[in-house]
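Q:
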Amino acid sequence: MKIVRVQYTTRPEYVATNQRNIAAVVAELKTLNHPGIKYTAWLLPDGKTFMHFDQLENEAAHLVLQGLDSFKKFAAELAASALEAEPVLLQPTLVASTETYF
């Protein structure tokens with residue numbers, strides 16, 4: 003299993019665009035219905051910091067996510083958006099959970 007957590011802060015005027023781009027990724031993932039990809043994104047209380055938490059069965063599943071047209075658009079537009087705080091990527095290791103993942 004591969005876990006990826008990314009957190010970054012957008013400019014206030016980019017929040018709505020980012021939310022639409024994330025929604026497009028989620029819609030494409032739901033259509034794909036890949037059993038090895040769990041993708042979630044949150045907007046933190048400041049209203050402009052996003053946190054993504056992805057649980058992936060393996061690196062191949064991660065590549066599927068990154069290969070989606072919607073994900074490529076999301077990533078390209080985010081990179082060009084002049085973020086207030088650059089993405090911080092963490093790859094934690096699961097210690098214990100009440101859920102079965104992969």
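Plus 2 on top of the position in the sequence shown (first one is 1) and you've got the numbering used here. Each residue gets a CB set at the ideal place from its N, CA and C atoms; glycine is no exception.
(1) So A63 and I39 are supposed to be a Cβ contact under 8 Å. How far apart are they, rounded?
(2) V27: buried (16+ other C-beta within 10 angstroms of its C-beta) or exposed?
(3) How do the stretch 11 to 23 and the stretch 79 to 90 stand: do at least 3 beta-carbon pairs fall below 8 Å, yes or no?
(4) Would you report the Cα separation of L67 and T95, rounded to the nearest angstrom?
(5) Is there a C-beta anywhere in chain D that falls below 9 Å from the one on E88?
(6) Measuring only the C-alpha atoms, how far is L34 from T102?
(7) Measure the alpha-carbon distance for T11 versus F55 and round it to whole angstroms.
(8) Below 8 Å on the Cβ atoms is my contact criterion, and I expect M3 with L58 to pass it. Report the Cβ-Cβ distance as a whole number of Å.
A: According to the data block:
(1) 5 Å
(2) buried
(3) yes
(4) 20 Å
(5) As a matter of chain content, chain D is missing from the structure shown, which is built from one protein chain.
(6) 21 Å
(7) 15 Å
(8) 7 Å
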